[in-house]
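K.L.:
Residue numbers 8 to 723, in my numbering, belong to the letters of the sequence shown in order.
Pasting in a structure now, in structure tokens, and then I'll have a few things to ask.
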Amino acid sequence: MVTIDDICATVARRNANADLGLLRRCHAFAAESHRGQLRRSGEPYLVHPMGVAKIIADLNLDVPSICAGILHDCVEDTSATCEDIRARFGAEIQKIVDGVTKLGQIPWTTREERQAENFRKMLLAMAHDIRVILVKLADRVHNMRTLQFVSRDKQERVARETREIYAPIANRLGIQWMKVELEDLAFQYLEPQAWADLRNQMEGTEAERSNYIDDVCAKLGQVLAENDIAGEVSGRAKGFWSIHQKMQRTGRDLEHVYDIIAFRIITANVRDCYAALGAIHSNWMPVPGRFKDYIALPKPNLYQSLHTTVIGPGSERMEVQIRTRDMHRTAEEGIAAHWQYKEQAPLGGNERKAFAWLHQLMEWQRDLADPAEFIQTVKIDLFEEEVFVFTPKGDVKALPQGATPIDFAYAVHSKIGDHCSGARVNGMIVPLRYRLRNGDIVDIITSPTQKPSKDWLKFIITSRAQTKIRHHLRREQRERSRRLGRDLVSKALRNQHRSLAAAEKNKLLDKAAEALNLGTAEEIFVHVGYGKLSPEAAALAIYPQPPEASADNLPAVGAEAHALPRREPKRSVGGVRVQGEADIVVRFAKCCSPVPGDAIVAFVSRGRGVIVHTRACPKTFNLDPARSVEVSWDEDSRLLRPVAVQVVSEDKPGILAAISKCFLEHSVNIAQAKCKATEDSRGLNTFQVAVGHVDQLKKVLRAIQGLDGVISATRL
Ligand code: MN
Numbered sequence: 008m009v010t011i012d013d014i015c016a017t018v019a020r021r022n023a024n025a026d027l028g029l030l031r032r033c034h035a036f037a038a039e040s041h042r043g044q045l046r047r048s049g050e051p052y053l054v055h056p057m058g059v060a061k062i063i064a065d066l067n068l069d070v071p072s073i074c075a076g077i078l079h080d081c082v083e084d085t086s087a088t089c090e091d092i093r094a095r096f097g098a099e100i101q102k103i104v105d106g107v108t109k110l111g112q113i114p115w116t117t118r119e120e121r122q123a124e125n126f127r128k129m130l131l132a133m134a135h136d137i138r139v140i141l142v143k144l145a146d147r148v149h150n151m152r153t154l155q156f157v158s159r160d161k162q163e164r165v166a167r168e169t170r171e172i173y174a175p176i177a178n179r180l181g182i183q184w185m186k187v188e189l190e191d192l193a194f195q196y197l198e199p200q201a202w203a204d205l206r207n208q209m210e211g212t213e214a215e216r217s218n219y220i221d222d223v224c225a226k227l228g229q230v231l232a233e234n235d236i237a238g239e240v241s242g243r244a245k246g247f248w249s250i251h252q253k254m255q256r257t258g259r260d261l262e263h264v265y266d267i268i269a270f271r272i273i274t275a276n277v278r279d280c281y282a283a284l285g286a287i288h289s290n291w292m293p294v295p296g297r298f299k300d301y302i303a304l305p306k307p308n309l310y311q312s313l314h315t316t317v318i319g320p321g322s323e324r325m326e327v328q329i330r331t332r333d334m335h336r337t338a339e340e341g342i343a344a345h346w347q348y349k350e351q352a353p354l355g356g357n358e359r360k361a362f363a364w365l366h367q368l369m370e371w372q373r374d375l376a377d378p379a380e381f382i383q384t385v386k387i388d389l390f391e392e393e394v395f396v397f398t399p400k401g402d403v404k405a406l407p408q409g410a411t412p413i414d415f416a417y418a419v420h421s422k423i424g425d426h427c428s429g430a431r432v433n434g435m436i437v438p439l440r441y442r443l444r445n446g447d448i449v450d451i452i453t454s455p456t457q458k459p460s461k462d463w464l465k466f467i468i469t470s471r472a473q474t475k476i477r478h479h480l481r482r483e484q485r486e487r488s489r490r491l492g493r494d495l496v497s498k499a500l501r502n503q504h505r506s507l508a509a510a511e512k513n514k515l516l517d518k519a520a521e522a523l524n525l526g527t528a529e530e531i532f533v534h535v536g537y538g539k540l541s542p543e544a545a546a547l548a549i550y551p552q553p554p555e556a557s558a559d560n561l562p563a564v565g566a567e568a569h570a571l572p573r574r575e576p577k578r579s580v581g582g583v584r585v586q587g588e589a590d591i592v593v594r595f596a597k598c599c600s601p602v603p604g605d606a607i608v609a610f611v612s613r614g615r616g617v618i619v620h621t622r623a624c625p626k627t628f629n630l631d632p633a634r635s636v637e638v639s640w641d642e643d644s645r646l647l648r649p650v651a652v653q654v655v656s657e658d659k660p661g662i663l664a665a666i667s668k669c670f671l672e673h674s675v676n677i678a679q680a681k682c683k684a685t686e687d688s689r690g691l692n693t694f695q696v697a698v699g700h701v702d703q704l705k706k707v708l709r710a711i712q713g714l715d716g717v718i719s720a721t722r723l
């Protein structure tokens, strides 16, 4: 068991002024509280909190964090209360213990809305005091190390949670060793067979690998020496989980995966990092696209290093990381490296940068009301490949790979997104569809007159920007429809020599809205504008009594004949009923030219009324479903519709006459015919004909198809 002496020694080595007495008092309290409790392994329970405290001490966290580690299970598992802890050890330690206890009580279910809520809680706890999550992570590491003692069920649940939540968080906080250990332990319990296979293979190739590593390290050392660069060289295999994923990805077995080893050079200063890189590149061929300069452009978790892959000895890919000793410490300890001996000190600039992603998440969750959307955003942020870009002030924004300046603008603020009229990247104007790259400095140009455009939806990728743009477009469309509807209703009333203004003054609109079941007067206009209600029907609802007949209110010249509402059913104006109404004029789309009997859909277009498409028309996929209205063919209508027919025939005399005769026999009028001979001596004939029903068209096409010398007859 880790003893309190071990912990005090670890702390004293780093910080001579640390309050070791406080640590010992916490230990005594925990030992007393957990007295008699045993772990599943049969050991005294105290083994666990002391193990956790040691992990925290090794992270060089401050004394209150270590105390919280020792006490973290007291409130939950013993009779000790929060008040006891506050009274004995102070509010700071009590708050951390409380935070850890609460995190432990969050149930991780698969139900999405619950998960979203849990993410929120965890983020809140983290944003409040990062030490809470660090203690929780240490707790998780120790539990994972001793997971063999619990039931298979619990093993799986805890391992899954570790893979999905805790390992990514350790990664985000930059604690590399912890991320790798958590991932590997989760792998061991979630895929025991694959893990055991890999372990056997790794053991089987151990000697060979160790020779290879020694060999390469010697060669790297030699190259450094030749160039007068002081540096420590080491090499070791990556984590099991990362090797397993690499094997799955490449479909190769272990013997052929050489880049499972990471070689590392640690130098005294930054200049030597670049010098070492130069020396390596001049000895071995670098693999294009694999060089990354995280020294000039640190990751948001503060990680710094040069990465390169070269074709090394034996023509195998060889991955090398080069960094200074300080950078190495940050790489291993991450955010924890910035908490050491800074008790009560405010966060410096670097720490704030490391928190930037956390604060961004907090900001986003405020305006993402939909839990599914929130969790998607969080998942993107925790797991996906990202690009890290900067505001002109130097704040980091993390965006998913492929994000554009508009995604960036919406990530900064929705107002900036809404008014984004252009973007400068690294000082140069770029198109709005430009894909941001790591390290870009993005300056959004805004204009008060700029509005979100439908075109943006084609290239933006974040759900946040998508939601905001759609929302804006819907609002705008509604406003346009309202204005259009108002105009139409006003016209319909004028045709009856009545005035909308008078109706409004007499509050007739509210009554009409009630009668139509539409709630508010405004809704009447919106419905008319969308074409869901005819202006005449609206007029009738406003003035249920027809105007008295007198010389003065005869229909005005030019008024449409169908302006007066009638009760009896009548033949539709355009051969199509719109939501059961016969008297709405429709247009037929030219792209698909519907024929009576075709399955049809209709959309209300701005200023052009209702446009009817065939259901199969590809254009309809781009139209706003909110603008669609229900339409049906009017059975009583004797509407004739133009349709183009193409007939391919052998190029022989008399064939055209035979085709024309066939049309006539089926009572189909030909409006236009174009005939030409193709190079392979076929006749290509295009006819514009008028048909009353799609069945009639099918019949005539079948008949033409049957003619001697006709190869095909199709509707265009
Ligand atoms: Mn615990």
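Glycine is no exception: its CB is placed at the ideal position from the N, C-alpha and C atoms.
Using a Cβ distance threshold of 8 Å, determine whether the region 223-240 contacts the region 262-282, with at least three qualifying pairs required.
P.N.:
Because the criterion of three Cβ pairs below 8 Å is met, the region 223-240 and the region 262-282 touch.
K.L.:
Here's the rule: buried if 16 or more other CB atoms are within 10 angstroms of the residue's CB, otherwise exposed. What is Gly58?
P.N.:
Buried, since its Cβ has 16 or more Cβ neighbours within 10 Å.
K.L.:
Check the DSSP bridge columns for Trp640 and list the partner residues they point to.
P.N.:
According to DSSP, which records beta bridges pairwise, Trp640 is partnered with Val583.
K.L.:
Would you tell me roughly how many angstroms separate the C-alpha atoms of Pro293 and Asp279, rounded to the nearest one?
P.N.:
Straight-line Cα distance between these residues: approximately 19 Å.
K.L.:
Within 10 Å of its beta-carbon, does His421 have 16 or more other beta-carbons around it, so buried, or fewer, so exposed?
P.N.:
Looking at the sequence provided, one finds Ser at residue 421 rather than His. Buried, since its Cβ has 16 or more Cβ neighbours within 10 Å.
K.L.:
Given a threshold of 16 other Cβ atoms within 10 Å of its Cβ, counted over all protein chains shown, does Lys597 qualify as buried or as exposed?
P.N.:
Exposed, since its Cβ has fewer than 16 Cβ neighbours within 10 Å.
K.L.:
Using the three-state DSSP reduction, which class does Glu657 fall into: helix, strand or coil?
P.N.:
The answer is strand: DSSP assigns Glu657 an E or B state.
K.L.:
Quick one: residues in its chain with C-beta nearer than 6 Å to the C-beta of Asp605, no 5 flanking neighbours on either side, listed in chain order?
P.N.:
So the qualifying residues of the chain are Thr621, Val701.
K.L.:
Could you give the C-beta distance for Gly538 and Gly616, rounded to a whole number, given that I count them as a contact under 8 Å?
P.N.:
Yes, they are in contact, since the Cβ atoms of Gly538 and Gly616 sit about 7 Å apart, within 8 Å.
K.L.:
Any heavy atom of the ligand ATP closer than 8 Å to the CB of Asn445?
P.N.:
In terms of ligand content, the structure shown lacks the ligand ATP and carries the ligand MN instead.
K.L.:
How should Asp643 be labelled, buried or exposed, when 16 other C-beta atoms within 10 angstroms of its C-beta is the threshold for buried?
P.N.:
Exposed.
K.L.:
Starting from Arg689, follow the alpha helix (DSSP H) in both directions and report where the run begins and ends.
P.N.:
Looking at the DSSP string, Arg689 is not in any alpha helix (DSSP H); the run it does join, the beta strand (DSSP E), is 689-698.
K.L.:
To the nearest angstrom, report how far apart Ala519 and Lys458 are at their CA atoms.
P.N.:
If I take the Cα positions, the gap works out to 35 Å.
K.L.:
With 16 as the cutoff for other CB atoms within 10 Å, does Phe156 come out buried or exposed?
P.N.:
Burial call: exposed.
K.L.:
Taking the DSSP output, what are the residues bridged to Met435?
P.N.:
DSSP, once it has assigned bridges, lists Val432 as partnering Met435.
K.L.:
Name the residue from Gly582, Lys186, Arg505, Ala710 whose alpha carbon lies nearest to the alpha carbon of Arg645.
P.N.:
Comparing Cα-Cα distances from Arg645 to each of Gly582, Lys186, Arg505, Ala710, the minimum goes to Gly582.
K.L.:
Which residues does DSSP list as the beta-bridge partners of Phe3?
P.N.:
Residue coverage of the chain in this structure runs from 8 to 723, which leaves residue 3 outside it and unanswerable.
K.L.:
Hey, how far is the Cα of Val82 from the Cα of Ala64?
P.N.:
C-alpha separation (whole angstroms): 21 Å.
K.L.:
In this structure, how does DSSP classify Leu375 when only helix, strand and coil are distinguished?
P.N.:
Residue placement at Leu375 is poorly supported in this model, since its pLDDT is 46, which falls under 50; the coordinates still yield a value, given next. Three-state DSSP puts Leu375 in coil, outside helix and strand.
K.L.:
At the level of alpha carbons, what is the spacing between Gln703 and Gln408?
P.N.:
Taking the straight line from one Cα to the other gives about 54 Å.
K.L.:
Comparing C-alpha positions only, which one of Met334, His288, Leu309 sits nearest to Ile318?
P.N.:
Nearest of Met334, His288, Leu309 to Ile318, Cα basis: His288.
K.L.:
In chain order, what residues of the same chain lie with their CB nearer than 7 Å to the CB of Ala522, ignoring the 5 residues before and after it?
P.N.:
So the list reads Ala548, once near-sequence residues are dropped.
K.L.:
Which of helix, strand or coil does DSSP assign to Arg138?
P.N.:
Here Arg138 sits in helix by DSSP.
K.L.:
Are there three or more Cβ pairs, one per stretch, closer than 8 Å when the region 10-25 is compared with the region 65-81?
P.N.:
The region 10-25 vs the region 65-81: in contact.
K.L.:
Measuring only from the beta carbon, is Pro51 closer than 8 Å to any heavy atom that is part of the ligand MN?
P.N.:
Not so, every heavy atom of the ligand MN lies at least 8 Å from the Cβ.
K.L.:
Going along the chain, which residues put their C-beta within less than 6 Å of some heavy atom in the ligand MN?
P.N.:
Listed by chain position, these are His55, His79, Asp80, Asp146.
K.L.:
With 16 as the cutoff for other CB atoms within 10 Å, does Gln195 come out buried or exposed?
P.N.:
That one is buried.
K.L.:
Note down the Cα distance separating Val104 from Arg138, rounded to an integer number of angstroms.
P.N.:
So the two alpha carbons sit approximately 10 Å from each other.
K.L.:
Let me know if Arg179 comes out buried or exposed under the rule of 16 or more other beta-carbons within 10 Å of its beta-carbon.
P.N.:
When all chains shown are included, Arg179 counts as buried.
K.L.:
Under the three-state reduction of DSSP, which class applies to Leu313: helix, strand or coil?
P.N.:
Correct three-state label for Leu313: strand.
K.L.:
Does the beta-carbon distance from Ala680 to Leu663 come in below 9 Å?
P.N.:
Yes, Cβ-Cβ distance for Ala680 and Leu663 is below 9 Å.
K.L.:
Could you give the distance in angstroms between the alpha-carbon of Lys683 and the alpha-carbon of Gly690?
P.N.:
One C-alpha to the other measures close to 6 Å.
K.L.:
Quick check: the Cα distance between Trp202 and Met209, rounded to an integer number of angstroms?
P.N.:
One C-alpha to the other measures close to 10 Å.
K.L.:
Which runs of the alpha helix (DSSP H) at least 4 residues long sit entirely within the region 144-185? Give them in chain order.
P.N.:
Within the region 144-185, the complete alpha helix (DSSP H) runs of at least 4 residues are 159-168, 174-179.
K.L.:
Taking the C-alpha atoms as reference points, what is the distance between Ser312 and Leu30?
P.N.:
Using only the alpha carbons, I get a separation of about 36 Å.
K.L.:
With respect to the beta strand (DSSP E) encompassing His620, which residues constitute its N-terminal and C-terminal limits?
P.N.:
That run of the beta strand (DSSP E) goes 616-621.
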